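Colleague: Numbers 3 to 255, taken from the numbering used here, label the letters of the sequence shown in order.
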Amino acid sequence: QLQTICVCVCVCVCVMLSLLFLFWVIYIIVALHVLCYFDEEQGYDLDLFCIPKHYASDLERVYIPHGLILDRTERLARQIMKEMGGHHIVALCVLKGGYKFFADLLDYIKALNRNSDRSIPLTVDFIRLKSYCNDQSTGEIKVIGGDDLCTLTGKNVLVVEDIIDTGKTMKTLLDLLKQYNPKMVKVASLLVKRTPKSVGYRPDFVGFEVPDKFVVGYALDYNEYFRDLNHICVISETGKEKYKAGEETGVPL
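1. Going straight from the alpha carbon of Y101 to that of L222, what length do you get?
2. If I follow the unbroken beta strand (DSSP E) through Y110, where does it start and stop?
3. If you drop the 5 nearest sequence neighbours on each side, which residues of the same chain put their C-beta closer than 6 Å to that of L163?
4. Look at the alpha carbon of H56 and the alpha carbon of E239, and state the distance between them as a whole number of angstroms.
5. Using beta-carbon positions only, say whether F198 and V159 come within less than 8 Å of one another.
6. With DSSP as the reference, label Y46 as helix, strand or coil.
7. Mark R63 as exposed unless 16 or more other C-beta atoms lie within 10 angstroms of its C-beta, in which case mark it buried.
8. In whole angstroms, what separates the C-alpha of F51 from that of G219?
9. Tell me the DSSP secondary structure of T168 in three-state form.
10. Restricting to Cα atoms, I'd like to know which of C10, Y39, Y203, S59 is closest to E243.
11. Within the chosen definition, does the segment 167-182 reach the segment 75-86 through at least 3 CB pairs nearer than 8 Å?
12. Three-state secondary structure (DSSP) at V266?
13. What is the DSSP secondary structure of G241, reduced to helix, strand or coil?
14. Leaving out the 5 sequence neighbours to the left and right, which residues in its chain are closer than 6 Å to V189 when beta-carbon positions are compared?
Next up, the structure:
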């Protein structure tokens, strides 16, 4: 009888956990307007897309096609203008991985602003954060660049990032930006990674939520390679080994 009770309790716990996960997924998709890629999502065969020949053996699959990225980016631009379009916006691009998303997002935002009855000033600045070697975060975050962040004072600041992994890097940047007393700071990230290493930070605008896989392309790199891919792809173990950086030199071995 005790064994039966234990089995029933285990079943109930499993059902409750499954329901909690389902509610969490629904909340992410509906409330936060995020397009979710589940863990079992395999992506698409490379042969279905135009992939540079020099990367053919370095990739496993196409994960997010370029067309889908652009369509999702246009939708994010509408959300951003709805929430931030009432005051001067300073768009702060996090280099290098964010430059493609930044350029496409700004094109959509400028089009919306240009055709609006109430257009606003839109200026840009650039900053670089360094926290990766190979496919692992080093834990050491370096902030580089930013011509004159004093110009952020009193402005609506839109930080544009390629991917949020643990969230530590972005929290470091936000702490820095607060010192300049902006009117508002919001973060747009093309990708947010589901990882147990996350500190719980979530950006205000998210393109896609993805599993804990190392992805490249659309300016996301692996030791400076793969930025020239249009699609977001999953790198293969062959690719990781081929472009692995030496700890001392920081260049492929």
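Note that the Cβ used here is the ideal one computed from N, Cα and C, for glycine as well.
A quick note: this is a predicted structure, and the numbers were derived from the prediction, not measured.
Modeller: Once the coordinates are examined:
1. Walking along the sequence shown from the start, residue 101 turns up at place 99. Walking along the sequence shown from the start, residue 222 turns up at place 220. Going by the C-alpha atoms only, they are around 9 Å apart.
2. Taking the sequence shown and counting its residues from 1, one reaches residue 110 at position 108. Y110 -> not in any beta strand (DSSP E); alpha helix (DSSP H) instead, spanning 101-116.
3. For the purposes of this step, residue 163 is identified with residue 161 of the sequence shown, where counting begins at 1. Residue identity differs from the one stated: residue 163 is Glu in this sequence, not Leu. Around E163: V96, G100, S191.
4. By 1-based counting over the sequence shown, the position of residue 56 is 54. By 1-based counting over the sequence shown, the position of residue 239 is 237. Cα to Cα, H56 sits roughly 15 Å from E239.
5. Locating residue 198 in the sequence shown gives position 196, where the first residue counts as 1. Locating residue 159 in the sequence shown gives position 157, where the first residue counts as 1. According to the sequence displayed, residue 198 carries Pro and not Phe. No; because the gap between Cβ atoms is not below 8 Å, this pair is not in contact.
6. Numbered from 1 along the sequence shown, position 44 holds the residue referred to as residue 46. Shown here, Y46 sits in a strand according to DSSP, grouped into three states.
7. Locating residue 63 in the sequence shown gives position 61, counting from the first residue. Per the 10 Å Cβ criterion, buried.
8. Taking the sequence shown and counting its residues from 1, one reaches residue 51 at position 49. Taking the sequence shown and counting its residues from 1, one reaches residue 219 at position 217. Whole-angstrom Cα-Cα distance: 13 Å.
9. The residue given as residue 168 occupies position 166 in the sequence shown. Coil at T168, not helix or strand.
10. The residue labelled residue 243 in the question sits at position 241 within the sequence shown. Here the closest residue by C-alpha is S59.
11. No, the segment 167-182 is not in contact with the segment 75-86.
12. Residue coverage of the chain in this structure runs from 3 to 255, which leaves residue 266 outside it and unanswerable.
13. Counted from its first residue, the sequence shown places residue 241 at position 239. In the displayed model, G241 falls within a helix according to three-state DSSP.
14. Here the question's residue 189 lines up with position 187 in the sequence shown. The beta carbon of V189 sits closer than 6 Å to those of V161, P205, D206, all from its chain and outside the five residues before and after it, given in chain order.
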